[in-house]
Amino acid sequence: MLRILSWNLLVRRGAGCHDVARLIRDVAPDLVLMQETTAGLDALPDLLGGRYHRAMAPPRPHAPAMWSPHPVQATQLMLPAATRRDLPVPIRRSVAPRAAQIIRMDGHMEGRTGGLRIANVHLDHGQRANRRQIRHILSACPDIDVIMGDFNAVGPTCPPGFTDLGPRTATHRMYGVLPLRLDRCVARALHCVSCSALPYGPSDHRPILVTLAR
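Mind the numbering: the sequence shown is residues 49 to 262 in my numbering, read in order.
Pasting the structure below:
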């Protein structure tokens, strides 16, 4: 089994390094996926040890990051940028580049050979753009097993062959009021042992915790 925690930290005003470390100690995940992280999270290994990697997508000031107590390999994949024709129209939002993290974990899923590949994502707000970014991940990494993170998507987004395994509840308060289910986990050839959306903490997103098995 594999226990994965995902949390959009809310850049600058949200969860910091000590908040993340406290949550990790509480729920003991095998893998932590974070979105909207900055250099302030780079101190996480000093608090907990383990393996840490943060993506870069300049000029965007934040990007996804991951932490695990286990040996992992992490690379980044640049995603196609939104366009001025994507909805919602990006008048007051950035269309700067976004990066996904591609993480390989070996030996953590009994009976599975070749390792498990997980994409840590913070997709665009544009509803056509975020679907396009999912298709790009599948095209660039056809052996991906899990896509998890902040999808920024309204409505179904599960690619063919995948199953939506995340908690079926709102995980974000848009403008502090409107509840939306933005944080998701989709996987193929795996099933969900348990899943939950945890309390918000200092972010405007709830962390989601999913335990997967073959």
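All C-beta atoms in this analysis are idealised placements derived from N, C-alpha and C, irrespective of residue type, glycine included.
### Query
DSSP beta-bridge partners for Gln-83?
Asn-56
### Task
Give the straight-line distance between the Cα atoms of Asn-200 and Thr-217, rounded to the nearest whole angstrom.
14 Å
### Query
Is it the case that the Cβ atoms of Pro-128 and His-184 are separated by a distance below 8 Å?
yes
### Message
So Met-104 and Ile-151 are supposed to be a Cβ contact under 8 Å. How far apart are they, rounded?
### Response
Wrong, their Cβ atoms sit about 16 Å apart, outside the cutoff.
### Sheet register partners of Ala-111 (DSSP bridge)
Bridge partners of Ala-111: Thr-85.
#### Entry: Proximity to Arg-132 [Cα-Cα], best of Val-75, Gly-163, Ala-177
Of the residues Val-75, Gly-163, Ala-177, the one whose Cα lies closest to the Cα of Arg-132 is Ala-177.
### Message
Would Leu-50 and Leu-79 qualify as a contact pair, given that the criterion is a beta-carbon distance under 8 Å?
### Response
Yes, the pair counts as a contact, with Cβ atoms nearer than the cut-off.
### Query
In whole angstroms, what separates the C-alpha of Pro-117 from that of Cys-65?
16 Å
### Message
If we require 3 or more residues per run, which beta strand (DSSP E) segments fall completely within the stretch 158-234?
### Response
164-170, 194-198, 220-222, 226-228
#### Entry: C-alpha gap between Val-120 and Asp-231, whole angstroms
23 Å
### Query
Using the rule of at least 16 other Cβ atoms within 10 Å of the residue's Cβ for burial, across every protein chain shown, is His-239 buried or exposed?
exposed
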